[in-house]
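J.: Sequence lines, in order, name chains A and B. This note's numbering applies: residue 1 is where the first sequence begins, and numbers increase by one. This note's numbering applies: residue 1001 is where the second sequence begins, and numbers increase by one. One structure follows; several queries about it will come next.
Protein chains: 2
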Amino acid sequence: MFDNVPITRIYKDSNAKSKSINDKVVAEHALTINLDKKELVTLLCSPEKLEYLALGFLFSEGLIKGKEDLKEIVLDENQGVVEIAIAEHANIAKGGEPKRLIGSSGGRGISPPFLDHYKVKSEIIITPGEIFNLMEEFIHRSEIFEATGGVHSAALCNRQHILVFSEDIGRHNAIDKVFGECLLKALPTDDHIMITSGRVSSEIVNKVVKRNIPILISKSAPTNRGVKLAEDLDITLIGFVRGERMNLYTHTRRIAYNKP
Amino acid sequence: MFDNVPITRIYKDSNAKSKSINDKVVAEHALTINLDKKELVTLLCSPEKLEYLALGFLFSEGLIKGKEDLKEIVLDENQGVVEIAIAEHANIAKGGEPKRLIGSSGGRGISPPFLDHYKVKSEIIITPGEIFNLMEEFIHRSEIFEATGGVHSAALCNRQHILVFSEDIGRHNAIDKVFGECLLKALPTDDHIMITSGRVSSEIVNKVVKRNIPILISKSAPTNRGVKLAEDLDITLIGFVRGERMNLYTHTRRIAYNKP
């Protein structure tokens, strides 16, 4: 996850002190996904859980629907290539060159963003106390992020605990790693909760709806489109869960709180 | 830049207080760039300085070299479309479908990342005091970021002041807006300084080298590849300029500090 690099640290005080030290920087890795021996995409990512990332990416892009669509996955870590073979029955979206969409941050380049919506179906209810507890566990697990300021985290949770946790330099990748792990281990996501350290743009909401996840919690801010889309897709969106407060943006019926 | 949305704010204390208020969320806009009437890409971005963004994007992708390559630019803000016509003499990179590269965060989807390098040429020297001052001005200008936690900033500076400043939900977009403005106004970037609020991944270093910018300053962390690339391209990379300290990662000869 990290490299050590020699740096010079300079302090502001009037003597302009400096010192030479070694410091951690977060690792950036390039992973090329070959789908049925054809190069699909290269992702810049953190060099962990690369199979999960590749599968989660394919899922998020709508290229596989589940584990049953997968014939083989072979990772060559040294080459930075993952070869994925798809089962014959799998319906891979074909056609012309896909539209290029570039996200605001962590943006994805392949699939169009505002299509294929169906609403999330779930009547899970969670309390604010449970949300604060989950965020506390999440931040505890995300200590790397705190240490280097360079890593995003994502977690799939039930009301009590984090079930799957991933980190990546990209907030999209972190979520895709969670999804890839759920896919390979056949873990359900219905009626579950997703926590992300990153901003909730429309792309993130679009990703979460595909796994029918009803509650999306972020340490950070949503965008206006993220809020609008969560509203439309019946996702309960909670942002800025920090310290002593949180903001409920949409579909508050799933939160058991004392009405104002 | 913002929308007001109704939210419910919940506090952690034992009474589980809540209140309904209006809160700002950052706006997310979709801008489609048509190049010579052919759809090139859709960017998710903040809805300001869209012509600059489009031009800076084309520049960063190597599709235009300067203002002289530009015949016409027409923005239709309502439709979220910018039509750009390129001068006949301009050498637009043609060929097959470009490789898809998806950045870690704010990643771009068109051009390959690690090509076309030439080293930055500049022997500008700057003092730590000037860097702290520039960062102070930068943070002052970036108050929106502080307020909503959802916006990145970028600035082109000389040793004394910020010359061009932009904000966007994407850290790449913020830099492209700066470049687009420089392009249209024929502002030089040689011997200048770029400040970014965001993480310095290899993609960001790759962007900055194209404008021959010798000093890259970030409020945040670099990645290992960002550091390596800055080293290779002779860019002075400075990170974590926060409060009372900063980290020099590469080519410290351009910083006039007291050696340890």
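Virtual Cβ for every residue (Gly too), placed ideally from N, Cα, C. For clarity, every value in this text was computed on a predicted model and none was experimentally measured.
1) With burial defined as no fewer than 16 other Cβ atoms inside 10 Å of the residue's Cβ, what is the status of SER20(A): buried or exposed?
2) Between the alpha carbons of GLU258(A) and ALA155(A), how many angstroms are there, rounded?
3) Since ALA1154(B) is in the alpha helix (DSSP H), which residue starts that stretch and which ends it?
4) For HIS140(A), name the three-state secondary structure that DSSP assigns.
5) Given that a residue counts as buried once 16 or more other Cβ atoms are within 10 Å of its Cβ, and exposed if not, what is ALA256(A)?
6) Cα-Cα, which of ARG159(A), SER166(A), ASP23(A), ILE10(A) is closest to ASN133(A)?
7) From the DSSP output, in three-state form, read off LYS1119(B) for me.
8) Between ASN1209(B) and chain A, is the shortest Cβ-Cβ distance under 8 Å, so that the two count as touching?
9) Sort TYR249(A), ASN224(A), GLU231(A), ASP232(A) by Cα distance to ASN1047(B) and report the nearest one.
10) Considering only residues of the same chain and omitting the five flanking positions on each side of GLY1243(B), which have a CB-CB separation below 7 Å?
11) 8 Å is my cut-off, CB to CB: does ALA1054(B) come that close to chain A?
12) Consult DSSP for TYR1052(B) and reduce its assignment to one of helix, strand or coil.
13) With respect to the beta strand (DSSP E) encompassing LEU1043(B), which residues constitute its N-terminal and C-terminal limits?
14) Helix, strand or coil: which one does DSSP assign to HIS29(A)?
15) Which of the three DSSP states, helix, strand or coil, is assigned to ALA1085(B)?
16) Determine the closest residue to GLY170(A) out of PHE59(A), ASP69(A), ILE162(A), HIS152(A), with distance taken between C-alpha atoms.
17) I'd like to know whether the C-beta of ASP1036(B) is nearer than 8 Å to at least one C-beta of chain A.
18) When burial is assigned at 16 or more other CB atoms within 10 Å of the CB, is TYR118(A) buried or exposed?
19) Looking only at C-alpha atoms, which of ILE1235(B), ILE1175(B), MET1194(B) sits nearest to PHE1059(B)?
20) I'd like the list of long-range same chain contacts for GLU1137(B), defined as Cβ closer than 6 Å, with 5 residues on each side in sequence excluded.
21) Can you name the residues of chain A whose CB is closer than 9 Å to the CB of SER1012(B)?
22) Taking C-beta pairs closer than 9 Å, name the residues in chain B that GLY62(A) reaches, listed in chain order.
23) Under the three-state reduction of DSSP, which class applies to ASN34(A): helix, strand or coil?
24) When the Cα of ILE1131(B) is compared with those of ARG254(A), LYS12(A), ASN4(A), which residue comes out closest?
25) Contact between the region 1207–1219 of chain B and the region 1227–1241 of chain B is defined here as three or more beta-carbon pairs at a separation below 8 Å; is this criterion met?
26) Should LYS1038(B) go down as buried or exposed, given a rule of 16 or more other Cβ atoms within 10 Å for buried?
27) Short of 8 Å Cβ to Cβ, which residues in the region 1202–1226 of chain B face chain A?
28) Apart from the five residues on each side of it in sequence, which residues of its chain come closer than 7 Å, Cβ to Cβ, to ASP69(A)?
29) Within the 8 Å Cβ cut-off, does TYR249(A) reach chain B?
30) Between ASN169(A) and chain B, is the shortest Cβ-Cβ distance under 8 Å, so that the two count as touching?
31) So is ILE175(A) in contact with chain B if we call contact Cβ pairs under 8 Å?
32) Against chain B, does GLY96(A) count as a neighbour if the rule is that its beta carbon must be under 8 Å from one of theirs?
33) Would you give the residue range spanned by the beta strand (DSSP E) that ARG242(A) belongs to?
34) For chain A, is any of its Cβ atoms less than 8 Å away from the one on ASN1022(B)?
35) Answer with yes or no whether the minimum CB distance from ALA27(A) to chain B is below 8 Å.
36) CB-CB under 6 Å to VAL990(B), same chain, minus the five flanking residues each way: which ones, in chain order?
T.: For this structure:
1) It counts as exposed.
2) It is worth fixing the name first, because residue 258(A) is Asn in this sequence and not Glu. Cα-Cα distance, rounded: 27 Å.
3) Looking at the DSSP string, ALA1154(B) is not in any alpha helix (DSSP H); the run it does join, the beta strand (DSSP E), is 1152–1157.
4) DSSP places HIS140(A) in helix when its eight states are reduced to three.
5) Looking at its Cβ environment, which holds fewer than 16 other Cβ atoms inside 10 Å, ALA256(A) is exposed.
6) For the set ARG159(A), SER166(A), ASP23(A), ILE10(A), the Cα lying nearest the Cα of ASN133(A) is the one of ARG159(A).
7) If DSSP states are grouped into helix, strand and coil, LYS1119(B) belongs with coil.
8) Checking the displayed sequence, the identity of residue 1209(B) turns out to be Val instead of Asn. So, not an interface residue.
9) The question names Asn, but residue 1047(B) is Pro in the sequence shown. With distances taken between Cα atoms, PRO1047(B) lies closest to ASN224(A).
10) The answer is none, since no qualifying residue turns up.
11) Not an interface residue.
12) Judged by DSSP in its simplified three-state form, TYR1052(B) adopts helix.
13) Here the beta strand (DSSP E) through LEU1043(B) covers 1038–1045.
14) It is a strand residue.
15) Here ALA1085(B) carries a strand assignment [DSSP, helix/strand/coil].
16) Among PHE59(A), ASP69(A), ILE162(A), HIS152(A), the Cα nearest to that of GLY170(A) belongs to HIS152(A).
17) Not closer than 8 Å to any Cβ of chain A, the Cβ of ASP1036(B) fails to qualify, so no.
18) With a threshold of 16 other beta carbon atoms within 10 Å, TYR118(A) falls short and is exposed.
19) Closest by alpha carbon: ILE1175(B).
20) When the five nearest sequence neighbours on each side are left out, the beta carbons in the same chain lying within less than 6 Å of the beta carbon of GLU1137(B) are those of ILE1162, in order along the chain.
21) In the sequence as presented, Ser is not what sits at residue 1012(B); that position holds Lys. The answer, in chain order, is PRO128, GLY129, PHE132, GLY243, GLU244, ARG245, MET246.
22) Going along chain B, no residue has its Cβ under 9 Å from GLY62(A), so there is no contact; the nearest lies around 15 Å.
23) Three-state DSSP puts ASN34(A) in a strand.
24) When the alpha-carbon of ILE1131(B) is set against those of ARG254(A), LYS12(A), ASN4(A), the nearest one is in LYS12(A).
25) Between the region 1207–1219 of chain B and the region 1227–1241 of chain B there are three or more C-beta pairs closer than 8 Å, enough to call the two in contact.
26) Classification for LYS1038(B): exposed.
27) Taking 8 Å as the upper bound on Cβ-Cβ separation, chain A lies near residues SER1202, GLU1203, SER1220, ALA1221, PRO1222, THR1223, ASN1224, ARG1225, GLY1226 of the region 1202–1226 of chain B.
28) Only ILE86, ALA87, ALA90 meet the Cβ criterion.
29) Yes, TYR249(A) lies at the interface with chain B (some Cβ there is under 8 Å from its Cβ).
30) Per the sequence shown, the amino acid found at residue 169(A) is Ile instead of Asn. Chain B, which has a Cβ nearer than 8 Å to the Cβ of ILE169(A), makes this yes.
31) Using a Cβ-Cβ cut-off of 8 Å, ILE175(A) does not count as an interface residue toward chain B, since no Cβ of chain B sits closer than that to its own.
32) Note on GLY96(A): pLDDT 41, under 50, position unreliable in the model; no value is reported.
33) 236–242 is the span of the beta strand (DSSP E), which, as asked, contains ARG242(A).
34) Judged by the 8 Å Cβ criterion, ASN1022(B) is not in contact with chain A.
35) Closer than 8 Å: yes.
36) Outside the shown range of chain B, which is 1001 to 1260, sits residue 990(B), and nothing can be said about it.
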